[in-house]
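Undergrad: Heads up: the sequence shown is residues 0 to 506, going by numbering that gives the first Met the number 0.
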Amino acid sequence: MQEINHVAVLDFGSQYTQLIVRRVRELGFFAKLYSPEDLAEIGSPGAVILSGGPKSTSEADAPDIDFDRLKAFEVPVLGVCYGMQLLNIKFGGSVKASNKREYGAAALRPTCHDDLFEGISNDSQVWMSHSDTVQDLHPDAEVIATNQHGTPVSLRWPGRFFGIQFHPEVTHSHDGLRILNNFLLQAKNLQPFHIEDFKREMIEGIRARVGSKQVVCGVSGGVDSTVLAVLLKEAGVKVRAIFVDNGLLRKDEAAVVQSNFHRMGVDIETIDASEEFLSALAGKDDPEEKRKIIGNLFIKVFWDTVGDAEMLAQGTLYPDVIESASNAKSKASVIKTHHNRVPKILELQAQGKVLEPLAELFKDEVRELGAALGIAPDILGRHPFPGPGLAVRCPGAVDRERLDIIRECDAIFIGKLKEFGWYDRVWQAYAGLIPVKTVGVKGDERSYEWATNLRAVISEDAMTAEWVDLPAQLLRETSQDILNEVKGINRVLYDISTKPPASIEWE
Ligand code: XMP
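Okay, here's the thing in structure tokens:
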């Protein structure tokens, strides 16, 4: 999407860099991450932001920048933390190294009127995370803000170059978004970012690449693969959408996915491989082994069905691209990598046959794109569901009986969340099985049955999660219905564990 005059964010390695991209997009402009070595790839940006980073500018292998090339863009530049220190050096100043890190809140005190701090009140809280500080400044540099101790925390150089020592992208910097917006207002030729423009460009791009070839894609009923399939359909290409039923789905899920795709006018091919999956899993109780079996079998079933693909489309998202580039390893990215980087796909990739049209979007933008494609809110609002399905909600070995029990408990819980208007307020919710038998009384008889755990969390990106304080009446009715209706369960527990240390799934 280089023709859009966008904001180039140069990644110097800070853990917050991805957030800068997010914030700029929230402000309505397209932003993309680049390595500082790749200035030639940027094209003509509307503004440039230099991120923070873990290194000290005094280290021999500290990342550098081609300053002449940066100046040649002739656009506003903002250096954040490490970015500001680097700019100060490039402008002929220096940086004082320190191994003591300042971490936490500081008060921002603008020292003069500058557009960067327009509308920002004195002593607004900003978030620091640095050890080095700028010292000797070039005569043309101006200190435009200090902290409460009078230490410079923001500089301005000629040619609309700005530096800030704090992180505007984190919510602990209370006016951070406004400061970023003030910076972007300096850019004369930034174009607003509309998902509709994106949609149009994506469709044109897909048509140009695919032509009359057939495109294969796997669908799970989840948001990413659904939006992908509908986007392909909208582009008018020949789509073959394959849905693998691995026997680990929720109650009626295969039928729901079928009917959802039917509503959207996309035909899907359902492969019932549940028998194969369940027999491969029989007696296996090690979580990692279970995951491996499911992952490998999925790949086998999928490619046995597809045979030779002319083209393959994948729902890879921007965070996956960034993560694999920076080698960060979350569980989800490792699993995805497992599916998306098998030899068959690498081979297709080398032949230019892999299409990843969502690779520049964040999850919430995929939802926006889905809405722009006319996908119904109930489909776009479905909770995330893990690839290994109910297997990770059933500690120990899985079998039909256990899976059926989970399905019934889950359906009751999700039904209650919807009835009470809580489904859309939580990020993810489910019922799982605790395969431990405890004693109870059902009717007049002693019972000796398993327990179910209910889990409902809010999260932004699944890296952290909080349990949800659901209304007692919702939990009461869910428990009552499960205990009355589900054979095999005589105890209902509500999981009040945050992530970390607990994960969202039990395995
Ligand atoms: P955890 O359990 O790691 O889950 O806190 C974080 C999020 O990732 C989902 N999840 C998976 N998604 N394949 C997926 O596609 C997987 O193997 C997998 N494992 C966990 C989980 O549902 C939650 O949303």
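Where is the CB? At the ideal position from N, CA and C, for every residue including glycine.
My output table needs one value for residue 31: the three-state DSSP class, helix, strand or coil.
TA: DSSP places residue 31 in strand when its eight states are reduced to three.
Undergrad: Cβ of residue 502 within 7 Å of any heavy atom in the ligand XMP?
TA: Correct: residue 502 has its Cβ closer than 7 Å to the ligand XMP.
Undergrad: Report yes if the C-beta of residue 391 is less than 7 Å from at least one heavy atom of the ligand XMP; otherwise report no.
TA: Because some heavy atom of the ligand XMP lies under 7 Å away, the Cβ of residue 391 counts as near it: yes.
Undergrad: Within 10 Å of its beta-carbon, does residue 462 have 16 or more other beta-carbons around it, so buried, or fewer, so exposed?
TA: Residue 462 should be labelled exposed.
Undergrad: Quick check: residue 262 and residue 234, are their CB atoms within less than 8 Å of each other?
TA: No, Cβ-Cβ distance for residue 262 and residue 234 is not below 8 Å.
Undergrad: Kindly list the residues whose CB is nearer than 6 Å to the CB of residue 122, restricted to its own chain and excluding five residues on each side of it in sequence; keep chain order.
TA: Excluding residues within five positions, the ones whose Cβ falls inside 6 Å are 106.
Undergrad: Is the beta carbon of residue 405 sitting closer than 8 Å to the one on residue 477?
TA: No; because the gap between Cβ atoms is not below 8 Å, this pair is not in contact.
Undergrad: For residue 268, which residues from the same chain have a beta carbon less than 8 Å from its beta carbon, with the 5 sequence-adjacent residues on both sides left out?
TA: Excluding positions up to five away in sequence, the list reads 239, 240, 241, 242, 304.
Undergrad: Need the endpoints of the alpha helix (DSSP H) that residue 302 sits in, please.
TA: That run of the alpha helix (DSSP H) goes 286-305.
Undergrad: What beta strand (DSSP E) runs, 3 residues minimum, are completely inside the stretch 136-222?
TA: With a minimum length of 3 residues, the continuous beta strand (DSSP E) runs that stay inside the stretch 136-222 are 141-145, 151-156, 160-163, 213-217.
Undergrad: Does the stretch 184-193 come within contact of the stretch 167-176, defined as at least 3 CB pairs closer than 8 Å?
TA: No: the two stretches stay apart, fewer than three of their Cβ pairs being nearer than 8 Å.
Undergrad: Measuring straight from C-alpha to C-alpha, what distance separates residue 54 and residue 86?
TA: Each residue's alpha carbon lies about 15 Å from the other.
Undergrad: I'd like the list of long-range same chain contacts for residue 20, defined as Cβ closer than 6 Å, with 5 residues on each side in sequence excluded.
TA: The residues are 8, 30, 32.
Undergrad: So, with DSSP's three-state summary, where would you put residue 327?
TA: Confidence at residue 327 is low in this model, with a pLDDT of 41, below 50, so the placement of that residue should be treated as unreliable; the coordinate-derived value is given next. Note: residue 327 maps to coil in three-state DSSP.
Undergrad: Three-state secondary structure (DSSP) at residue 502?
TA: Three-state DSSP puts residue 502 in coil, outside helix and strand.
Undergrad: Is residue 1 helix, strand or coil by DSSP?
TA: Only weak support exists for where residue 1 lies, its pLDDT of 49 falling under 50; the coordinates are left without a value.
Undergrad: Quick one, are the C-beta atoms of residue 141 and residue 154 less than 8 Å apart?
TA: Contact: yes.
Undergrad: Please work out which residues of its chain come closer than 7 Å, Cβ to Cβ, to residue 467, disregarding the five sequence neighbours upstream and downstream, and give them in chain order.
TA: The answer, listed in chain order, is 425, 455, 456, 457.
Undergrad: Report the residue from 178, 402, 291 whose alpha carbon sits nearest the alpha carbon of residue 26.
TA: Selected option, being the one with the closest Cα: 178.
Undergrad: What does residue 98 pair with, by DSSP beta-bridge criteria?
TA: Paired residue(s): none; residue 98 is not in a bridge.
Undergrad: Count the other CB atoms, across all protein chains shown, that sit within 10 Å of the CB of residue 50; report buried if there are 16 or more and exposed otherwise.
TA: Flag for residue 50 reads buried.
Undergrad: With a threshold of 8 Å on Cβ separation, who are the neighbours of residue 133 within its own chain once the five nearest residues in sequence on each side are excluded?
TA: Hits under 8 Å: 83, 84, 87, 92, 93, 94, 95, 151, 154, 162, 164.
Undergrad: On the DSSP bridge list, what partners appear for residue 385?
TA: Note: residue 385 sits in no beta bridge, so no partner.
Undergrad: Tell me the DSSP secondary structure of residue 227 in three-state form.
TA: Helix.
Undergrad: When the distance is taken between beta carbons, is residue 126 closer than 8 Å to residue 144?
TA: Going by C-beta atoms, residue 144 is not nearer than 8 Å to residue 126.
Undergrad: Can you tell me which of 17, 69, 298, 47 puts its alpha carbon nearest to the alpha carbon of residue 183?
TA: Checked all of 17, 69, 298, 47; the closest Cα to residue 183 is 47.
Undergrad: Does the Cβ-Cβ distance between residue 381 and residue 221 come in under 8 Å?
TA: For residue 381 and residue 221, yes; Cβs fall inside 8 Å.
Undergrad: Taking the C-alpha atoms as reference points, what is the distance between residue 434 and residue 279?
TA: Straight-line Cα distance between these residues: approximately 20 Å.
Undergrad: Please name the residue or residues paired with residue 109 in a DSSP beta bridge.
TA: Residue 109 pairs with 144.
Undergrad: Hey, which unbroken runs of the alpha helix (DSSP H) at 4 residues or more fall wholly within the stretch 426-505?
TA: Runs of the alpha helix (DSSP H) inside the stretch 426-505: 471-484.
Undergrad: What first and last residue would you give for the alpha helix (DSSP H) that runs through residue 268?
TA: Segment 267-271 is the beta strand (DSSP E) holding residue 268; no alpha helix (DSSP H) there.
Undergrad: Would you mind giving the Cβ-Cβ distance between residue 428 and residue 413, rounded to the nearest angstrom? I have them listed as a contact below 8 Å.
TA: The pair is a contact, with the Cβ atoms about 7 Å apart (cut-off 8 Å).
Undergrad: With distance defined between alpha-carbon atoms, name the residue in 422, 181, 265, 298 nearest to residue 374.
TA: When each option's Cα is compared against that of residue 374, the closest is 265.
Undergrad: Under DSSP, the alpha helix (DSSP H) around residue 414 begins and ends at which residues?
TA: From DSSP, the alpha helix (DSSP H) with residue 414 extends over 399-418.
Undergrad: Whole-angstrom Cβ separation of residue 369 and residue 360, contact assumed at under 8 Å?
TA: Their Cβ separation, rounded to whole angstroms, is 10 Å, which puts residue 369 and residue 360 out of contact at 8 Å.
Undergrad: Buried or exposed: which applies to residue 37, given that a residue is buried once 16 or more other Cβ atoms fall within 10 Å of its Cβ?
TA: With fewer than 16 other Cβ atoms within 10 Å, it is exposed.
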